[in-house]
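S.K.: Counting from 5, one number per residue, gives the positions in the sequence shown under this note's numbering.
Heads up, the beta-carbon is just placed ideally off N, CA and C, and yes, glycines get one too.
Predicted, not measured: the structure shown is a model, and the values here were computed from it.
Got a structure for you, written out below as structure tokens; questions coming shortly.
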Amino acid sequence: MDETNKRITSLKLQSHNHQRVNVFLDGEFAFGISKVLASNLYIGEEINAEQISQLLAEDEYEVGIQNSIRFIHYQPRTETEIQRKLEQQKLGEETILKVVSRLKEIGLIDDKKYAQSWVENHITNRPRSRRALAYELRQRGIDPQIIDEVTKPINDDEMAYRVALKQSRKLGKMGKEVFLQKMYRHLSQRGFNYEVSRSAISQVIKDIYDTDQLEKNEVFL
Numbered sequence: 005m006d007e008t009n010k011r012i013t014s015l016k017l018q019s020h021n022h023q024r025v026n027v028f029l030d031g032e033f034a035f036g037i038s039k040v041l042a043s044n045l046y047i048g049e050e051i052n053a054e055q056i057s058q059l060l061a062e063d064e065y066e067v068g069i070q071n072s073i074r075f076i077h078y079q080p081r082t083e084t085e086i087q088r089k090l091e092q093q094k095l096g097e098e099t100i101l102k103v104v105s106r107l108k109e110i111g112l113i114d115d116k117k118y119a120q121s122w123v124e125n126h127i128t129n130r131p132r133s134r135r136a137l138a139y140e141l142r143q144r145g146i147d148p149q150i151i152d153e154v155t156k157p158i159n160d161d162e163m164a165y166r167v168a169l170k171q172s173r174k175l176g177k178m179g180k181e182v183f184l185q186k187m188y189r190h191l192s193q194r195g196f197n198y199e200v201s202r203s204a205i206s207q208v209i210k211d212i213y214d215t216d217q218l219e220k221n222e223v224f225l
């Protein structure tokens, strides 16, 4: 046997993970790889350092793919979120790039689709300002051009009015001053500036409260 080669002397399923196999070379544990890759090996086979490196690279790629799929299974993820996750798992840079490229190729990563869905969901269920949504998408690593495209149709005046109307129905009976403080604070938390908030609150007051109530400085819901 060539001194640079090593002989596979044992292939054993890992006790804690039956989808992985421990490979023993010349009677000693050498490394673990996926069951799929191990199926191409056999006891008595000789392998060299280059072949081992190739096996480990292929295994790391497979681990990256499987871990990413599990991560995406819970909810859609952005390209940046996948990269961060794989970096935390100490995968090599080249492997991460290959994994991300493959996931984009098969449609499991699509930042534009993700951003569109994110905006549509928040407009429907939790309206907030265009600026606030853009910030959240930036935090998830979405490209600025995509952010601009998907948030451009958002009308802050319309969104602020919806938020103000919904919140006004939760506040109960209180003086107008307290009512305004609570409304401004709530709209600010949703990312709306003072001018937009003032316009929305004024419109809500006109739409749902009568003149007598306002003159008495009371709000009844």
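Whole angstroms are fine: how far does the CA of E50 sit from the CA of N125?
M.R.: So the alpha carbons of these two residues sit roughly 56 angstroms apart.
S.K.: What's the gap between the Cα of P131 and the Cα of R88?
M.R.: Approximately 28 angstroms between the Cα atoms of the pair.
S.K.: Assuming G145 and I100 are in contact, meaning their beta carbons sit under 8 angstroms apart, how far apart are those beta carbons, in whole angstroms?
M.R.: Wrong, their Cβ atoms sit about 14 angstroms apart, outside the cutoff.
S.K.: Shortest alpha-carbon distance to I205 belongs to which of K177, K174, A164?
M.R.: With distances taken between Cα atoms, I205 lies closest to A164.
S.K.: Between R173 and D114, what straight-line distance do the alpha-carbon atoms span, to the nearest angstrom?
M.R.: Each residue's Cα considered, the two are about 38 angstroms apart.
S.K.: One question on the structure: do L112 and I76 come within less than 8 angstroms of each other, judged by their Cβ atoms?
M.R.: Closer than 8 angstroms, so yes.
S.K.: With a CB to CB cut of under 8 angstroms and the five nearest residues on each side skipped, what residues in its chain are close to E66?
M.R.: The residues are S38, V40, L41.
S.K.: With H, G and I counted as helix, E and B as strand and the rest as coil, what does DSSP make of N125?
M.R.: Note: N125 maps to helix in three-state DSSP.
S.K.: Check for me: the beta strand (DSSP E) holding R11 runs from which residue to which?
M.R.: That run of the beta strand (DSSP E) goes 10-17.
S.K.: Terminal residues of the continuous beta strand (DSSP E) containing N26?
M.R.: Start and end: 24-29.
S.K.: Along the chain, where does the beta strand (DSSP E) that runs through G68 open and close?
M.R.: Where G68 is concerned, there is no enclosing beta strand (DSSP E), although the alpha helix (DSSP H) it sits in stretches over 53-78.
S.K.: Around the Cβ of E98, are there at least 16 other Cβ atoms within 10 angstroms (buried) or fewer (exposed)?
M.R.: When all chains shown are included, E98 counts as exposed.
S.K.: Ends of the alpha helix (DSSP H) at S43?
M.R.: Counting along the chain, S43 falls outside any alpha helix (DSSP H), and DSSP gives it neither H nor E.
S.K.: Could you check what DSSP says for S133 in three-state terms: helix, strand or coil?
M.R.: Three-state result, S133: coil.
S.K.: State yes or no: is the C-beta of D160 within less than 8 angstroms of the C-beta of S133?
M.R.: Yes, these two residues count as a Cβ contact at 8 angstroms.
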